[in-house]
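K.L.:
Encoded as structure tokens, here's the structure I'll be asking about.
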Amino acid sequence: MANLVNEAALTAARGTIQVVTTMSFQQEALDKIILGTARSPLVNEKERLVVAYHEAGHAIVGHYSEGSDPLRKISIVPRGRALGVVIQTPDEDRYNYSRTYLLSRMATAMGGRAAEELIFDEMTTGAQNDIKEATTLARRMVGLWGMTRGDRAGLPRQWRGACLPRPRDRPARSGRRAHPGPGGCRKGSGACGAA
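Going by the working numbering, 196 is the number at position 59 of the sequence shown; the sequence numbering is gapless.
Set out below in structure tokens:
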């Protein structure tokens, strides 16, 4: 918070404003804190065009995806390591995220790459962080939150259809001790659906 206030004061001073206003916070100060310092704009016209379409792809997919956060800012001014940015922020705090919302986040992340392919019939390295973000989110959805369609879709191929063993110190549902069956599956454990 102190950094934000300092940046807002510096922004106001650079603009020869005598008083720090909300605009001082909303303009350059918040962008500098969140996104990093603005770098010199891209000189190459082709690169600027690719970045513009890339960011527009994020914005369009984000705008039309069900359950996504509202768009707050779209910029092709290079900041930090990014050549452009699309900022989406929720209207209210969230503590739980729906599968629909997370899928819209993944779709929005990949919207830039899709726009590059549609417009230029070419891929660039500009989608590197987008791909990393979408992959991380997909892995968390399956591995941590179990957000899959179907019973065991998130398990590795060799585990699909297999029974997961019940800990030895925990009795089977029937009250009698279960014995491991073929492949580690415990008969009577209910883990396979076999009684």
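Ideal Cβ placement from N, Cα and C applies to all residues, glycine included. Please read all numbers here as calculations on a predicted model, not as lab measurements.
Within the continuous beta strand (DSSP E) that includes L239, where are the two ends?
P.N.:
Looking at the DSSP string, L239 is not in any beta strand (DSSP E); the run it does join, the alpha helix (DSSP H), is R236 to F257.
K.L.:
Nearest-angstrom Cα distance between V222 and T285?
P.N.:
Approximately 30 Å between the Cα atoms of the pair.
K.L.:
Excluding the five sequence neighbours on either side, which residues of its own chain have a C-beta within less than 7 Å of the C-beta of A252, listed in chain order?
P.N.:
Counting only Cβ-Cβ distances below 7 Å, and skipping sequence neighbours, we find Y190, H191, A193 and G194.
K.L.:
Pick from F257, Y201, D228 and V187: whose alpha carbon is nearest that of T237?
P.N.:
Of the listed residues, the one whose Cα sits closest to T237 is Y201.
K.L.:
Report the option in V279, T245 and D206 whose CA atom is closest to the CA atom of E229.
P.N.:
Residue D206 is the option with its Cα nearest to E229.
K.L.:
Would you mind working out which of K269, R231, M260 and G249 sits nearest G199, comparing C-alpha positions?
P.N.:
Minimum Cα distance to G199 is reached at G249.
K.L.:
If I measure Cβ to Cβ from M243 and keep anything under 7 Å in the same chain, skipping five residues before and after, which residues do I get?
P.N.:
Taken in chain order, the residues that qualify are A271, L274 and A275.
K.L.:
On the three-state DSSP scale, how would you describe R216?
P.N.:
The answer is strand: DSSP assigns R216 an E or B state.
K.L.:
Could you check how far apart the C-beta atoms of V188 and G263 are, in whole angstroms? I think they sit under 8 Å.
P.N.:
The Cβ separation is near 7 Å, so the contact holds.
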